[in-house]
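Chains as they are written, first to last, in the working numbering: chain B, 1 to 378; chain Z, 1 to 294. A virtual CB, placed ideally from N, CA and C, is assigned to each residue, including glycine. Bear in mind the structure is a predicted one, so any value in this text is a computation, not a measurement.
What follows is the structure, encoded as structure tokens:
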């Protein structure tokens with residue numbers, strides 16, 4: 001049985017589930033308890049090995065292959081009701097009904113798995129598979145690199161985005177009602193103690209005062225990274241209440257203010273989306289017009305692949321911006337291995353950023369935003 | 001509290017006694033979590049009965065439930081222990097009058113008497129096996145999760161001033177998550193995993209029967225079917241089981257014997273609480289009623 005389980009775990013690993021040695025051991029313990037009554041066996045193994053419902057369809061497929069050979073066990077159970085009558089199957093079902101308790105006694109024997117449930121159970125599993133597939137699809141979408149997204153993928157992602165944006169907003173709002181910290185505020189405690197004759201009866205605690213930064217975001221709208229920009233704007237727009245001032249800019253070879261209306265990115269001024277992107281020129285233009293916008297309390301967020309078409313990057317201007325503001329964060333929608341290859345000037349800009357974070361798929365983008373604002377809104 | 005071996009039968013009876021209807025899958029996993037003494041991580045949509053499992057588990061083991069509700073910004077002081085500053089200060093004042101030495105004073109004020117036990121510490125120090133429910137663990141910060149990991153693997157708490165307190169009885173641990181964010185792999189690895197979905201038509205019908213026996217059979221069936229249909233729509237918030245029950249109670253209170261368009265319109269806001277969900281459902285009302293009142 002042990003070997004069989006180990007090869008089953010291997011099968012799962014091949015199917016893409018990351019299973020650790022500790023979890024495989026858990027599975028052994030589980031089987032020691034459940035015995036091999038099919039349903040308990042399956043659910044027990046799933047509980048120990050599947051830690052994300054999105055992996056459940058893959059698990060079920062491998063399980064079928066290993067433990068339910070056709071013609072035996074579950075194979076027969078799959079034909080509901082047909083052979084159910086007149087074959088004494090009823091008594092058999094009654095036998096397996098008390099589940100794993102009686103099986104425990106002779107768990108050592110490799111008894112063939114018996115069909116346990118019919119009809120409704122089967123239906124339920126199908127319902128479950130559908131749900132598992134849905135979750136698997138969502139997970140795949142979250143992990144799909146932006147540049148590989150097809151138009152239907154983008155559409156599906158947009159639906160997810162609404163939910164993520166809501167979550168993001170909830171995240172920021174929870175940050176704001178921060179709990180008091182456990183440390184005593186000595187100064188205030190002493191002042192309070194004056195009213196009780198110098199005896200500090202009522203200690204004062206330190207409170208966290210969340211900051212409310214200004215936000216200036218630059219999003220590259222040229223074709224290569226437009227999808228990522230769109231999603232970033234979709235996440236930022238609903239969250240604008242948590243900043244003092246929000247200015248969203250889109251750029252290709254110059255920066256214009258943009259807003260999101262009904263899911264579409266709308267530039268407020270003319271912007272040639274097919275121009276060659278040139279962040280250096282964007283910086284020059286921005287500093288001339290919007291320089292006064294930047295304060296010590298500003299958080300500058302830049303989303304772009306830093307591919308300047310080999311034009312002067314003007315990183316010195318970014319350095320000057322950094323000197324004026326609180327933080328400059330760069331989100332790069334390319335996977336990190338491709339930074340600084342070809343015409344990417346990431347390293348040049350990186351020197352003037354407080355952080356450069358990878359945002360090559362929705363999951364990374366969301367995680368990066370959470371990280372940025374966790375620090376900023378605190 | 002229950003002594004002796006835990007059997008599947010016991011779990012099933014416990015669930016029955018707590019009037020918690022569920023699938024064999026849930027029974028199996030609950031049993032395993034209790035026997036293997038592993039924490040159980042439950043994920044699933046809001047309102048499918050995740051938190052309830054913790055309560056039912058406590059009822060099954062006939063023991064206390066210690067609940068830790070997670071939220072962002074939850075820290076060790078709120079989860080584990082905190083010194084009772086007020087009491088310590090008073091003690092210092094009192095001791096000063098008696099001219100005690102420094103050592104004596106510190107010994108006084110850092111003892112169990114001045115410790116405020118928070119849920120995690122309480123679960124460890126209680127003299128018998130308790131059920132520790134860590135609710136909505138996805139709401140807590142990642143740092144807190146890492147800290148939780150430490151407690152869950154050892155079930156011991158070290159307090160610098162007192163020493164290490166080890167649990168005499170490992171608590172049974174249930175963690176729930178709404179997937180507001182991904183739980184770390186490390187935590188998942190240490191837990192058994194259960195995805196708790198809405199229970200499906202048959203079981204939901206039974207739940208209504210169990211909780212509201214006065215409801216007519218026909219209406220019960222219609223309510224269950226209708227709510228099941230609602231969950232298949234793409235809603236912002238699918239109706240929970242508790243909401244189904246509220247709705248059924250309301251229908252009974254209004255003396256409605258059978259679902260029809262008027263009755264549903266009048267009461268739908270009990271199950272759907274978003275304006276757009278309501279609109280979506282109302283646009284499909286007649287077809288949904290046709291399938292559920294067959």
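Check                                                                                                                                      : Outcome
Cβ contact (3+ pairs, closer than 8 Å) linking the segment 190-203 of chain Z and the segment 228-244 of chain Z                           : yes
Start-to-end residues for the beta strand (DSSP E) that takes in residue 332 of chain B                                                    : 327-332
Terminal residues of the alpha helix (DSSP H) in which residue 224 of chain Z lies                                                         : 217-232
Reference residue 143 of chain Z, options Z:157, Z:187, Z:257, closest by Cα                                                               : Z:187
Short Cβ contact (7 Å threshold) for residue 389 of chain B with residue 50 of chain B                                                     : With chain B covering only 1 through 378, there is no way to say anything about residue 389 of chain B.
Distance between beta carbons of residue 114 of chain Z and residue 47 of chain B, contact taken as under 8 Å                              : Residue 47 of chain B to residue 114 of chain Z, Cβ: 42 Å. No contact.
Stretch-stretch touch, CB-based, cutoff 8 Å, three pairs: the segment 88-108 of chain Z with the segment 40-59 of chain Z                  : no
For residue 349 of chain B, the three-state DSSP class (helix, strand or coil)                                                             : helix
Which listed residue (Z:70, Z:234, Z:148, Z:80) has its alpha carbon closest to that of residue 159 of chain B                             : Z:234
Contact list for residue 44 of chain B against chain Z, beta-carbon separation under 7 Å                                                   : 28, 32
Assigned secondary structure, residue 260 of chain B (DSSP; H/G/I helix, E/B strand, else coil)                                            : strand
Candidates B:213, B:31, B:232, of which the one nearest residue 246 of chain B by Cα                                                       : B:213
Residues that DSSP places opposite residue 156 of chain Z in a beta bridge                                                                 : Z:166
Local Cβ density within 10 Å of residue 222 of chain Z, reported as buried at 16 or more and exposed below that                            : buried
Beta-carbon proximity of residue 348 of chain B to residue 313 of chain B, cut-off 7 Å                                                     : yes
Beta-bridge partners of residue 69 of chain Z, as assigned by DSSP                                                                         : Z:135
N- and C-terminal bounds of the beta strand (DSSP E) containing residue 116 of chain Z                                                     : 115-117
C-beta atoms of residue 142 of chain B and residue 374 of chain B nearer than 7 Å                                                          : no
Cut-off 8 Å between Cβ atoms - residues of its own chain near residue 289 of chain Z, not counting five sequence neighbours on either side : 226, 259, 260, 261, 264
Touch test, the segment 181-201 of chain B against the segment 261-275 of chain B, Cβ-Cβ under 8 Å, three pairs minimum                    : no
Residues in the segment 141-173 of chain Z having any Cβ partner in chain B nearer than 8 Å                                                : none
Residue 124 of chain Z vs residue 79 of chain Z beta-carbon contact at 7 Å                                                                 : no
Residues near residue 254 of chain Z by beta carbon distance below 8 Å, same chain, minus five either side                                 : 263, 266, 267
Residues sharing a beta bridge with residue 81 of chain Z, DSSP                                                                            : Z:117
For residue 43 of chain Z: DSSP bridge partner residues                                                                                    : Z:177, Z:195
For residue 68 of chain Z and residue 58 of chain Z, believed in contact at Cβ under 8 Å, the rounded distance                             : About 14 Å separates the two Cβ atoms, so there is no contact after all.
Which listed residue (B:62, B:266, B:301) has its alpha carbon closest to that of residue 4 of chain B                                     : B:62
Proximity test, Cβ basis, 7 Å: residue 295 of chain B and chain Z                                                                          : no
Length of the line joining the Cα atoms of residue 157 of chain Z and residue 200 of chain B                                               : 30 Å
Pick from B:370, B:236, B:255 that is closest to residue 286 of chain B, judged by C-alpha positions                                       : B:255
Classification of residue 291 of chain B by the beta-carbon crowding that lies within 10 angstroms, buried from 16 upward                  : exposed
Complete runs of the alpha helix (DSSP H) confined to the segment 230-259 of chain Z [at least 4 residues]                                 : 241-253
Residues in the segment 296-311 of chain B having any Cβ partner in chain Z nearer than 8 Å                                                : none
Pair within 7 Å by beta-carbon distance, residue 137 of chain Z and residue 177 of chain Z                                                 : yes
With 16 other Cβ atoms within 10 Å as the buried cut-off, status of residue 289 of chain B                                                 : exposed
Residue 6 of chain B burial status per 10 Å Cβ neighbour count (16 or more: buried)                                                        : exposed
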